[in-house]
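Below is one structure, written out as structure tokens; the observations come after it.
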Amino acid sequence: MVVSIGWNPYYKNTKKSMETHIMHTFKEDFYGEILNVAIVGYLRPEKNFDSLEYPLT
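Here it is, written out as structure tokens:
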């Protein structure tokens with residue numbers, strides 16, 4: 001699981017959001033359910049990149 005917490009460009013960076021990306025395939029979906037998330041590590045601060053290639057290299 002990866003979590004991104006920061007400014008949301010969809011709202012023109014006026015609101016912060018938390019996006020949780022679950023990298024696992026489940027047999028059933030759980031849309032509409034409550035999800036508890038425990039943050040146990042920190043990778044890097046929020047940053048803008050000039051292209052999609054830079055963060056992948």
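Under the UniProt record's numbering, think of the first position of the sequence shown as 1, with each following residue one higher. Ideal Cβ placement from N, Cα and C applies to all residues, glycine included. Just so it is clear, the structure is predicted and the values come from calculations on it, not from any experiment.
**Report entry** Residue range of the beta strand (DSSP E) that includes S51
**Finding:** That residue, S51, is in no beta strand (DSSP E); it is neither H nor E in DSSP.
Query raised in the report: Are K16 and G6 touching if we call contact CB-CB under 8 Å?
Result: Going by C-beta atoms, K16 is nearer than 8 Å to G6.
Report task. Out of S51, E53, D50, E46, point me to the one whose CA is closest to N13's CA. Result -> Out of S51, E53, D50, E46, E46 has the C-alpha closest to the C-alpha of N13.
Query - Spatially closest choice to H21 from A38, Y10, R44, M1, by CA coordinates - result: When each option's Cα is compared against that of H21, the closest is M1.
Query raised in the report: Taking C-alpha atoms, which residue in N8, D29, T25 lies nearest to E19?
Result: Cα-wise, what sits closest to E19 is N8.
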